[in-house]
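Peer 1:
2 protein chains.
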Amino acid sequence: MDREDSLERLGATTDEPADLFEHFEQRSVGGRTHHVLTAARHGVERGTVIVEESDAVVRGYPSVPRVLVLDPGLPSFFEGTDSVTIEEKLDGFNVRIAVAGGDGDVPLAFTRSGYVCPYTTARARDRLPLAAFFAEHPTKVLCTELIGPETPYTTHDYEGVDSHEFRVFDVRDRESGDPVPVADRRSLCAEYGVGQPRWFGRSEPSAAVETVRDAIDELDAAGREGVVVKSADGESMVKYTTESQHHAELAYAFSLPFEHGRDFVFSRIVRDAFQAVESGDSDDRLRERARDLGESILHPMVSTIRDVRDGDPVGERHTVRGDPDAIDALFEHLDDQSLTIDRRSDRREDGKRVVEFVKVAESSRDRIQYYLEGGTRDE
Amino acid sequence: MDREDSLERLGATTDEPADLFEHFEQRSVGGRTHHVLTAARHGVERGTVIVEESDAVVRGYPSVPRVLVLDPGLPSFFEGTDSVTIEEKLDGFNVRIAVAGGDGDVPLAFTRSGYVCPYTTARARDRLPLAAFFAEHPTKVLCTELIGPETPYTTHDYEGVDSHEFRVFDVRDRESGDPVPVADRRSLCAEYGVGQPRWFGRSEPSAAVETVRDAIDELDAAGREGVVVKSADGESMVKYTTESQHHAELAYAFSLPFEHGRDFVFSRIVRDAFQAVESGDSDDRLRERARDLGESILHPMVSTIRDVRDGDPVGERHTVRGDPDAIDALFEHLDDQSLTIDRRSDRREDGKRVVEFVKVAESSRDRIQYYLEGGTRDE
Chain V
1 MDREDSLERL GATTDEPADL FEHFEQRSVG GRTHHVLTAA RHGVERGTVI VEESDAVVRG
61 YPSVPRVLVL DPGLPSFFEG TDSVTIEEKL DGFNVRIAVA GGDGDVPLAF TRSGYVCPYT
121 TARARDRLPL AAFFAEHPTK VLCTELIGPE TPYTTHDYEG VDSHEFRVFD VRDRESGDPV
181 PVADRRSLCA EYGVGQPRWF GRSEPSAAVE TVRDAIDELD AAGREGVVVK SADGESMVKY
241 TTESQHHAEL AYAFSLPFEH GRDFVFSRIV RDAFQAVESG DSDDRLRERA RDLGESILHP
301 MVSTIRDVRD GDPVGERHTV RGDPDAIDAL FEHLDDQSLT IDRRSDRRED GKRVVEFVKV
361 AESSRDRIQY YLEGGTRDE
Chain B
1 MDREDSLERL GATTDEPADL FEHFEQRSVG GRTHHVLTAA RHGVERGTVI VEESDAVVRG
61 YPSVPRVLVL DPGLPSFFEG TDSVTIEEKL DGFNVRIAVA GGDGDVPLAF TRSGYVCPYT
121 TARARDRLPL AAFFAEHPTK VLCTELIGPE TPYTTHDYEG VDSHEFRVFD VRDRESGDPV
181 PVADRRSLCA EYGVGQPRWF GRSEPSAAVE TVRDAIDELD AAGREGVVVK SADGESMVKY
241 TTESQHHAEL AYAFSLPFEH GRDFVFSRIV RDAFQAVESG DSDDRLRERA RDLGESILHP
301 MVSTIRDVRD GDPVGERHTV RGDPDAIDAL FEHLDDQSLT IDRRSDRRED GKRVVEFVKV
361 AESSRDRIQY YLEGGTRDE
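Taken in order, these protein sequences are the chains called V and B.
No gaps in the numbering here: position 287 of the first sequence is 287 in full-length UniProt numbering, and each next residue is one more.
No gaps in the numbering here: position 262 of the second sequence is 262 in full-length UniProt numbering, and each next residue is one more.
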């Protein structure tokens with residue numbers, strides 16, 4: 001890898017290769033060497049991958065900022081932009097799919113942090129027309145969410161998704177990260193028949209406030225996550241989420257209280273409070289929101305403490321379904337990441353292997369056990 | 001100050017004076033130089049003060065560990081101890097009162113972090129028989145809580161306390177920190193007629209579980225903080241708090257959401273969850289606790305966001321009452337600590353000066369303002 005050259009191609013905001021490359025980590029993937037940026041640095045996104053042998057770059061997906069109030073959040077963020085688009089934000093597993101080698105190489109699914117997930121890669125090859133797409137667009141990356149109840153990472157239920165499916169929410173240049181404009185991207189996806197997030201419309205930024213409010217009400221009632229608003233060229237984007245999502249994420253975090261950062265918890269509460277103020281919640285509505293928030297926090301944590309007390313397993317529960325080889329590769333991958341996996345069942349259904357497992361939450365289990373045994377907290 | 005000598009007198013767990021003294025800060029108090037330890041280090045408590053001119057040491061008050069479950073928390077913590085005492089823990093301002101100079105010097109009130117608070121010092125001289133006590137016990141320190149609605153630091157209401165009062169919860173050797181045994185300390189306080197925290201009894205550690213449970217139920221119903229359980233010799237101690245205190249502290253933290261550490265919030269929720277599990281809360285009782293928790297979190301934060309939106313002041317509101325000179329000294333002291341004070345009223349009542357003021361919560365005010373103006377959050 002030519003560092004000077006890579007630095008320039010990445011458009012990093014430093015002239016000193018070492019400034020950037022000290023944050024890269026080397027991983028071996030299918031006989032090739034991947035250099036992976038483990039944190040956003042010098043204008044280059046976290047999860048950016050450079051493949052040693054081909055010198056191909058797969059740029060990380062940018063972090064999407066969030067507004068806490070729609071008005072003036074949207075008009076202010078998109079000042080000077082003629083037109084914005086509103087699409088659903090899905091609660092799934094964000095992977096970039098790209099052909100990162102030379103000719104004849106196969107597409108790989110890269111996680112947000114730049115790992116190649118063998119399970120998601122296998123599912124993507126099965127479910128998406130990757131050969132046809134990359135034959136025409138070899139230097140593009142498909143930015144997708146893997147959604148549904150049967151994935152090794154998330155479990156959000158979506159109506160009509162029984163196992164797992166892909167939704168393509170962005171198509172970008174693999175190396176520069178430049179997005180295909182939103183309307184073109186939606187046509188392109190339609191052309192290849194791939195799933196996309198729901199479309200809520202296109203308008204001036206100030207008119208988008210009302211559209212987003214209505215969309216959020218509808219999504220909230222259905223227990224869905226929220227929206228992403230983008231400039232029509234796809235360059236700028238901002239997200240906004242539903243009350244039910246805030247509460248669901250709190251419930252998740254407090255079900256494994258010692259695995260998650262304190263900031264995770266705090267930020268969801270902050271979102272909910274600003275939403276309550278902007279929505280002009282009545283006293284009754286505010287009380288209802290507060291009570292639901294409290295139940296989302298306390299019930300899952302109490303339930304987990306009881307599980308530890310009763311000797312039941314504690315952790316994220318997942319079900320995966322796929323080819324036996326891909327399932328084996330997944331467990332090797334999880335093992336490489338030092339996760340402790342407790343397999344609860346392993347069976348065949350219609351030629352697929354179906355495994356239910358728990359990612360054991362060792363911190364939560366051990367800390368709770370310690371306190372239940374009378375351990376003290378120094379504060 | 002002779003560092004080698006001080007190191008030995010403090011019983012520090014290092015032989016190298018610089019290891020400890022690099023964490024000391026120098027402050028000038030009434031013409032004397034105080035060296036103050038700003039964080040617990042090498043077995044020496046935070047807030048420990050060495051007075052330059054007299055070489056007197058005022059040892060910091062030790063941090064009190066907490067159990068999250070009473071059973072087996074108490075028997076386990078006090079294993080090998082014959083007898084423990086149970087006293088109320090009060091929600092006030094913890095100050096140590098000591099004569100830290102030589103002969104003829106006056107008693108000073110030291111905060112937890114080793115500052116001398118001029119207001120608390122003046123109130124202590126007014127309300128406590130300090131001259132008589134220190135004439136007999138010049139090397140002791142009175143460990144007290146300043147409680148009541150009219151203090152510059154806390155505002156917890158206690159029945160029968162209209163303005164502010166002192167409660168002595170410990171008497172220790174000023175230099176070694178060795179406590180007077182609990183029963184002797186209570187007799188001593190009674191002898192001098194100074195207020196003390198409520199006494200709930202003395203028993204074997206395992207029998208204390210039930211006593212504490214009953215005490216906590218009673219204190220919770222009265223909206224009071226909790227208990228401290230100590231070995232009879234006063235050497236070991238542990239605390240446990242009520243649901244109403246957890247929720248009150250969350251309400252306080254979320255009323256100033258960007259002033260407080262995320263850990264503050266998290267730890268109160270953890271306490272509540274373990275208490276719910278140990279109490280064997282029924283589904284209804286658990287739901288009630290969860291809803292109350294949610295209301296404690298969301299309502300104060302929404303209220304503060306609305307205040308910022310409406311241009312109302314945001315911060316802790318306090319009322320102080322005392323001699324005009326002491327009030328002036330208090331505001332100078334708060335000013336020295338870089339606090340922004342917004343005086344809301346300033347009047348005389350029965351020869352005392354009464355000032356209502358807000359400690360302006362600049363972080364919360366500014367962050368909330370930024371988000372309300374449409375500022376984004378990068379997550």
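C-beta atoms are modelled at their ideal positions from N, C-alpha and C, and glycine is treated no differently.
For a cutoff of 8 Å on Cβ pairs, would you count F274 (chain B) as touching chain V?
Peer 2: The residue given as residue 274 (chain B) occupies position 274 in the second sequence. Yes, F274 (chain B) lies at the interface with chain V (some Cβ there is under 8 Å from its Cβ).
Peer 1: Under 8 Å by Cβ, that's how I've got E295 (chain B) and R291 (chain V) pegged, so tell me the actual separation to the nearest angstrom.
Peer 2: Taking the first residue of the second sequence as 1, we reach residue 295 (chain B) at position 295. Taking the first residue of the first sequence as 1, we reach residue 291 (chain V) at position 291. Sure, about 7 Å apart at Cβ, within 8 Å.
Peer 1: Among the candidates B:H246, B:P65 and B:S113, whose CA atom is the shortest distance from the CA of R268 (chain B)?
Peer 2: In the second sequence, counting from the first residue as 1, residue 268 (chain B) sits at position 268. Ranking the options by Cα distance to R268 (chain B), first place goes to B:H246.
Peer 1: Are V320 (chain B) and E150 (chain B) touching if we call contact CB-CB under 8 Å?
Peer 2: Against the second sequence, residue 320 (chain B) aligns to sequence position 320. Against the second sequence, residue 150 (chain B) aligns to sequence position 150. Taking 8 Å as the Cβ cut-off, V320 (chain B) and E150 (chain B) qualify as a contacting pair.
Peer 1: Is any beta-carbon of chain B found at less than 8 Å from that of S76 (chain V)?
Peer 2: Position 76 of the first sequence, counting from 1, holds the residue named residue 76 (chain V). Yes, S76 (chain V) lies at the interface with chain B (some Cβ there is under 8 Å from its Cβ).
Peer 1: Determine, using beta carbons only, whether V67 (chain V) comes closer than 8 Å to chain C.
Peer 2: Of the protein chains in the structure, V and B, none is chain C.
Peer 1: What separation, rounded to the nearest whole angstrom, lies between the Cα atoms of D170 (chain B) and A183 (chain B)?
Peer 2: Counted from its first residue, the second sequence places residue 170 (chain B) at position 170. Counted from its first residue, the second sequence places residue 183 (chain B) at position 183. Cα to Cα, the separation comes out at about 11 Å.
Peer 1: How would you label Q337 (chain B), buried or exposed, when you count the other beta carbons within 10 angstroms and need 16 or more for buried?
Peer 2: For the purposes of this step, residue 337 (chain B) is identified with residue 337 of the second sequence, where counting begins at 1. It is exposed - the Cβ of Q337 (chain B) has fewer than 16 other Cβ atoms within 10 Å.
Peer 1: Using the beta-carbon count (16 or more within 10 Å), is D283 (chain V) buried or exposed?
Peer 2: Against the first sequence, residue 283 (chain V) aligns to sequence position 283. Exposed, by the Cβ-count rule.
Peer 1: Note down the Cα distance separating A208 (chain V) from H42 (chain V), rounded to an integer number of angstroms.
Peer 2: Here residue 208 (chain V) refers to the residue found at position 208 when the first sequence is read from its first residue. Here residue 42 (chain V) refers to the residue found at position 42 when the first sequence is read from its first residue. Computed Cα separation, rounded: 32 Å.
Peer 1: Contact between the region 345 to 355 of chain B and the region 297 to 310 of chain B: three or more CB pairs below 8 Å?
Peer 2: Result no; under three Cβ-Cβ pairs closer than 8 Å.
Peer 1: Short of 8 Å in beta carbon distance, which residues of its chain neighbour I341 (chain V), apart from the five on each side in sequence? Order them along the chain.
Peer 2: As a working note, residue 341 (chain V) is residue 341 in the first sequence. So the list reads F331, L334, D335, F357, V358, K359 and V360, once near-sequence residues are dropped.
Peer 1: Does any CB atom of chain V fall closer than 8 Å to the CB of P257 (chain B)?
Peer 2: For this step, residue 257 (chain B) is matched to residue 257 along the second sequence. For P257 (chain B), the answer is yes, since a Cβ of chain V falls inside 8 Å of its Cβ.
Peer 1: Helix, strand or coil, according to DSSP, for L90 (chain V) in the structure here?
Peer 2: Position 90 of the first sequence, counted from the start, is the residue given in the question as residue 90 (chain V). The answer is coil: DSSP assigns L90 (chain V) none of H, G, I, E or B.
Peer 1: Give me the Cα-Cα distance between L188 (chain V) and D126 (chain V), rounded to the nearest whole angstrom.
Peer 2: As a first step, residue 188 (chain V) must be located in the first sequence, where it is residue number 188. As a first step, residue 126 (chain V) must be located in the first sequence, where it is residue number 126. Going from the Cα of L188 (chain V) to the Cα of D126 (chain V) covers about 19 Å.
Peer 1: Hey, does M301 (chain B) have any beta-carbon neighbour from chain V nearer than 8 Å?
Peer 2: To locate residue 301 (chain B), count along the second sequence from 1; it is residue 301. Yes - at least one Cβ of chain V is within 8 Å of the one on M301 (chain B).
Peer 1: Between which two residues does the beta strand (DSSP E) carrying E356 (chain B) extend?
Peer 2: Here residue 356 (chain B) corresponds to residue number 356 of the second sequence, with the count starting at 1. Counting along the chain, the beta strand (DSSP E) containing E356 (chain B) begins and ends at K352 to V360.
Peer 1: Looking at C-beta atoms only, is the number of pairs between the region 101 to 117 of chain B and the region 71 to 89 of chain B that lie closer than 8 Å three or more?
Peer 2: Cβ pair count under 8 Å is below three, so no.
Peer 1: So the beta strand (DSSP E) V238 (chain V) belongs to, where does it begin and stop?
Peer 2: For this step, residue 238 (chain V) is matched to residue 238 along the first sequence. M237 to T241 is the span of the beta strand (DSSP E), which, as asked, contains V238 (chain V).
Peer 1: Would you mind sorting A190 (chain V) into buried or exposed? The rule is 16 or more other CB atoms within 10 Å of its CB.
Peer 2: Along the first sequence, one-based indexing puts residue 190 (chain V) at 190. It counts as exposed.
Peer 1: Which residues in chain V sit within 7 Å of F266 (chain B), going by Cβ to Cβ distance?
Peer 2: Indexing the second sequence from 1 puts residue 266 (chain B) at position 266. The contacting residues are R262 and V265.
Peer 1: Could you pull the DSSP bridge partners for R112 (chain B) from this structure?
Peer 2: Here residue 112 (chain B) refers to the residue found at position 112 of the second sequence. Bridge partners of R112 (chain B): none, in fact.
Peer 1: Along the chain, where does the alpha helix (DSSP H) containing T144 (chain B) start, and where does it finish?
Peer 2: Position 144 of the second sequence, counting from 1, holds the residue named residue 144 (chain B). Taken as a continuous stretch (DSSP letters only), T144 (chain B) belongs to no alpha helix (DSSP H), being part of the beta strand (DSSP E) at K140 to I147.
Peer 1: Could you check if V106 (chain V) is buried or exposed, using at least 16 other CB atoms within 10 Å of its CB as the buried criterion?
Peer 2: Position 106 of the first sequence, counting from 1, holds the residue named residue 106 (chain V). When all chains shown are included, V106 (chain V) counts as exposed.
Peer 1: Around the Cβ of Q275 (chain V), are there at least 16 other Cβ atoms within 10 angstroms (buried) or fewer (exposed)?
Peer 2: Sequence index remark: in the first sequence, residue 275 (chain V) carries index 275 (1-based). Q275 (chain V) comes out buried.
Peer 1: Return the CA-CA distance between G193 (chain V) and E136 (chain V), expressed in angstroms with no decimal places.
Peer 2: For the purposes of this step, residue 193 (chain V) is taken as residue 193 along the first sequence, with counting starting at 1. For the purposes of this step, residue 136 (chain V) is taken as residue 136 along the first sequence, with counting starting at 1. Looking at the two C-alpha atoms, the distance is approximately 15 Å.
Peer 1: Does DSSP classify E25 (chain V) as helix, strand or coil?
Peer 2: Position 25 of the first sequence holds residue 25 (chain V). If DSSP states are grouped into helix, strand and coil, E25 (chain V) belongs with the strands.
Peer 1: Could you tell me which residues DSSP pairs with E316 (chain B) in its beta bridges?
Peer 2: Position 316 of the second sequence, counted from the start, is the residue given in the question as residue 316 (chain B). E316 (chain B) is bridged to B:K359.
Peer 1: Which same chain residues, not among the five before or five after S363 (chain B), have their C-beta less than 6 Å away from its C-beta?
Peer 2: To locate residue 363 (chain B), count along the second sequence from 1; it is residue 363. Cβ within range, chain order: F258 and E259.
Peer 1: Can you tell which of B:A132, B:P72 and B:S231 has the C-alpha that lies nearest to the C-alpha of G374 (chain V)?
Peer 2: Along the first sequence, one-based indexing puts residue 374 (chain V) at 374. The shortest Cα separation from G374 (chain V) among B:A132, B:P72 and B:S231 belongs to B:P72.
Peer 1: In this structure, how does DSSP classify G294 (chain V) when only helix, strand and coil are distinguished?
Peer 2: The residue labelled residue 294 (chain V) in the question sits at position 294 within the first sequence. Looking at G294 (chain V) - three-state DSSP - the assignment turns out to be helix.
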